[in-house]
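Visitor: In the working numbering, the protein residues as written are 3 to 416.
Just so you know, even glycine gets a beta-carbon here, dropped at the ideal spot from N, CA and C.
Just so we're clear, the structure is a prediction, and the values are computed from it rather than from any experiment.
1) Nearest-angstrom Cα distance between residue 77 and residue 300?
2) Taking the alpha-carbon positions, what's the residue 5 to residue 274 distance?
3) Is it the case that the Cβ atoms of residue 366 and residue 219 are separated by a distance below 8 Å?
4) In this structure, what does DSSP give as the bridge partners for residue 232?
5) Do residue 250 and residue 355 have their C-beta atoms closer together than 8 Å?
6) How close, in whole Å, do the beta carbons of residue 358 and residue 254 come, if the pair is a contact with beta carbons under 8 Å?
7) Is the beta carbon of residue 348 closer than 8 Å to that of residue 307?
8) Who are the near neighbours of residue 295 in its chain, counting only those whose CB is closer than 7 Å to its CB and skipping five residues on each side?
9) Going by alpha carbons, who is nearest to residue 346 out of 125, 152, 320?
10) Thinking residue 42 and residue 132 are a contact (beta carbons under 8 Å), I'd like their distance in whole angstroms, please.
11) Apart from the five residues on each side of it in sequence, which residues of its chain come closer than 7 Å, Cβ to Cβ, to residue 280?
12) Are there three or more Cβ pairs, one per stretch, closer than 8 Å when the segment 159-175 is compared with the segment 82-98?
13) What did DSSP end up calling residue 133 once you bin it into helix, strand or coil?
14) If I'm right that residue 156 touches residue 111 with Cβ under 8 Å, what's the distance once you round it to whole angstroms?
15) What are the start and end residues of the alpha helix (DSSP H) that includes residue 103?
16) DSSP three-state call for residue 288: helix, strand or coil?
17) Give me the Cα-Cα distance between residue 38 and residue 134, rounded to the nearest whole angstrom.
18) What are the boundary residues of the alpha helix (DSSP H) that includes residue 179?
19) On a CA-only basis, which of 323, 352, 401, 83 is nearest residue 226? Give me that one, please.
20) Given a cut-off of 8 Å, decide if residue 29 and residue 158 are closer than it, judged by their beta-carbon atoms.
21) With burial defined as no fewer than 16 other Cβ atoms inside 10 Å of the residue's Cβ, what is the status of residue 142: buried or exposed?
22) By DSSP, does residue 280 sit in helix, in strand, or in coil?
23) Enumerated in chain order, which unbroken segments of the alpha helix (DSSP H) with a length of 4 residues or greater are wholly contained in the segment 137-171?
24) Just the Cα atoms here: how many angstroms apart are residue 55 and residue 327?
25) With DSSP run on the structure shown, which of helix, strand or coil describes residue 417?
26) Using a 10 Å radius around the Cβ and a threshold of 16 neighbouring Cβ atoms, would you call residue 408 buried or exposed?
27) Note down the Cα distance separating residue 334 from residue 350, rounded to an integer number of angstroms.
28) Between residue 1 and residue 230, which are expected to be in contact by the criterion C-beta below 8 Å, what is the C-beta distance as a whole number of angstroms?
29) Within the same chain, show all residues whose beta-carbon is closer than 8 Å to that of residue 177, passing over the 5 residues directly before and after it, in chain order.
30) Excluding the 5 residues preceding and the 5 following residue 391 in the sequence, name in chain order all residues of the same chain whose CB lies nearer than 8 Å to its CB.
31) Quick check on the DSSP output: the alpha helix (DSSP H) that includes residue 83 runs from which residue to which?
32) Considering only C-alpha positions, which residue in the set 292, 113, 15 is nearest to residue 74?
33) Helix, strand or coil for residue 343, going by three-state DSSP, please let me know.
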């Protein structure tokens, strides 16, 4: 990994892309320290802030212009993908290639804007007593600044994507999580600062578990099942072409980290509604039940991870399309007839790999929750955030390696 980064910095074009990415991420992190107009900064510093897993992913800090971060866009993406399955017209548009995806992305941005307004109203209502002047005009200016900040973060994410080194939203989430890592370290420091040997034993155990999770995550992230494909020879002009062997790589984690992000976002949605009705005991009870530390919320969390893993995989990999393309190119899986039998065979492998991936996600997601139950310590920077960070880091390295290969292909031909 370090050799890849070292080599990438020697190439001017790639070096400029990396510097560009770091500057954009620095701008986003700087925006999380700018308070909205009219709020009492000193009172905000003493107020309780949102430290849920969703807050780690979204990256926002209450009372700032980037308070909602990338959160509304994540939620909007979930809703649009669900609607794409439920509404045939949207599914047809999504299959129209690049133009269809542009339309879906445009509608996703509009939906994210509406959700940003809704979530911004909830956040302002929850901290309205912290404003120096409590009137509708001040609240409106604060809402406009927060919504504008969210739109600005979305735009910066698209700029990162256009830079060609990975998904911009993933990099923003990556930076948000790393920025909150100091809170986890302070929690561990406070935990071991007390007297007693058991705290240190627990700390050593947590470090061992953390290192084991790192190794486990890296191994599974790169794990894949390769389906062999044999291409038949065919006459082109006066020559026979084809006949070579290849394979279809099926990754263990086709859904990537999106399954966990979707699950967290859905569980967090009642919290957004609760901000509008803070006196509702029913909503307060629902929010309490849906917390990950609650057994009910934990079980729902695991169920949602499994559901979204299979759901997202159905978008990311189309076995029927793969089988049709193989048939047109004269390819076949040894021992399997072309057409529908091949599609069923590939889909069966994808389903089994998705089940393994979902179980892997569940273990990773449960790790910090179980440690909190056992050691009574809030390990916010746990398995889920580790999975996201490692996934984005591996994606960045793969993108850099691909671009390095593209710029040195002449060496392979000489």
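Guide: Let's see:
1) As a working note, residue 77 is residue 75 in the chain shown. As a working note, residue 300 is residue 298 in the chain shown. Between residue 77 and residue 300, the C-alpha separation is close to 20 Å.
2) The count along the chain shown starts at 1 and reaches residue 5 at position 3. The count along the chain shown starts at 1 and reaches residue 274 at position 272. Roughly 44 Å between the two C-alpha positions.
3) On the chain shown, position 364 is the one that residue 366 refers to. On the chain shown, position 217 is the one that residue 219 refers to. For residue 366 and residue 219, yes; Cβs fall inside 8 Å.
4) Within the chain shown, the letter at position 230 stands for residue 232. Bridge partners of residue 232: 247, 334.
5) On the chain shown, position 248 is the one that residue 250 refers to. On the chain shown, position 353 is the one that residue 355 refers to. For residue 250 and residue 355, no; Cβs fall outside 8 Å.
6) Taking the chain shown and counting its residues from 1, one reaches residue 358 at position 356. Taking the chain shown and counting its residues from 1, one reaches residue 254 at position 252. With a Cβ gap of about 6 Å, residue 358 and residue 254 count as contacting.
7) Along the chain shown, one-based indexing puts residue 307 at 305. Along the chain shown, one-based indexing puts residue 348 at 346. Contact flag unset, no.
8) Indexing the chain shown from 1 puts residue 295 at position 293. Correct list, in chain order: 371, 374.
9) Residue numbering aside, residue 346 sits at position 344 when the chain shown is read from its first letter. Comparing Cα-Cα distances from residue 346 to each of 125, 152, 320, the minimum goes to 320.
10) As a working note, residue 42 is residue 40 in the chain shown. As a working note, residue 132 is residue 130 in the chain shown. Going by Cβ atoms, the distance from residue 42 to residue 132 rounds to 5 Å, so yes, they are a contact pair.
11) Translated into positions along the chain shown, residue 280 becomes position 278. 128, listed in sequence order.
12) no
13) Working through the chain shown from its first residue, we reach residue 133 at position 131. It is a strand residue.
14) Taking the chain shown and counting its residues from 1, the one referred to as residue 156 is at position 154. Taking the chain shown and counting its residues from 1, the one referred to as residue 111 is at position 109. Contact between residue 156 and residue 111 holds: their C-beta atoms lie close to 7 Å from each other, under 8 Å.
15) For this step, residue 103 is matched to residue 101 along the chain shown. First-last of the alpha helix (DSSP H) with residue 103: 100-128.
16) The residue given as residue 288 occupies position 286 in the chain shown. Note: residue 288 maps to helix in three-state DSSP.
17) Along the chain shown, read from residue 1 onward, the residue named residue 38 stands at position 36. Along the chain shown, read from residue 1 onward, the residue named residue 134 stands at position 132. So the alpha carbons of these two residues sit roughly 11 Å apart.
18) Here residue 179 is taken as the residue at index 177 of the chain shown, counted from 1. 170-181 is the extent of the alpha helix (DSSP H) around residue 179.
19) By 1-based counting over the chain shown, the position of residue 226 is 224. Ranking the options by Cα distance to residue 226, first place goes to 352.
20) Position 156 of the chain shown holds residue 158. Position 27 of the chain shown holds residue 29. Inclusion of residue 158 and residue 29 in the CB contact set at 8 Å is warranted, their separation being smaller than that value.
21) Counting from one through the chain shown, the residue named residue 142 turns up at place 140. The residue in question, residue 142, is exposed, as its Cβ has fewer than 16 Cβ neighbours within 10 Å.
22) Residue mapping note: residue 280 aligns to position 278 of the chain shown, counting from 1. Looking at residue 280 - three-state DSSP - the assignment turns out to be coil, as it is neither helix nor strand.
23) 138-164
24) Sequence index remark: in the chain shown, residue 55 carries index 53 (1-based). Sequence index remark: in the chain shown, residue 327 carries index 325 (1-based). Here the model assigns residue 55 a pLDDT of 48, short of 50, so the residue's position is not dependable, and the following value carries that caveat. Take the alpha-carbon of residue 55 and the one of residue 327: they are about 41 Å apart.
25) It is not possible to answer for residue 417, since the shown part of the chain is limited to 3 through 416.
26) Within the chain shown, residue 408 is the residue found at index 406, counting from 1. The residue is exposed, with fewer than 16 neighbouring Cβ atoms inside 10 Å.
27) Along the chain shown, read from residue 1 onward, the residue named residue 334 stands at position 332. Along the chain shown, read from residue 1 onward, the residue named residue 350 stands at position 348. The straight-line gap from Cα to Cα measures roughly 16 Å.
28) Beyond the ends of the chain as shown, which are 3 and 416, falls residue 1; an answer cannot be given.
29) The count along the chain shown starts at 1 and reaches residue 177 at position 175. Cβ within range, chain order: 27, 30, 31, 61.
30) Counted from its first residue, the chain shown places residue 391 at position 389. Short of 8 Å from the beta carbon of residue 391, and not among the five residues preceding or following it, lie these beta carbons of its own chain, in chain order: 176, 179, 180.
31) Translated into the one-based positions of the chain shown, residue 83 becomes position 81. Unbroken alpha helix (DSSP H) run through residue 83: 73-88.
32) Reading the chain shown from its first residue, position 72 is the one you call residue 74. Residue 74 has its Cα closest to that of 113, out of 292, 113, 15.
33) Counting from one through the chain shown, the residue named residue 343 turns up at place 341. In this structure, residue 343 counts as helix in the three-state DSSP scheme.
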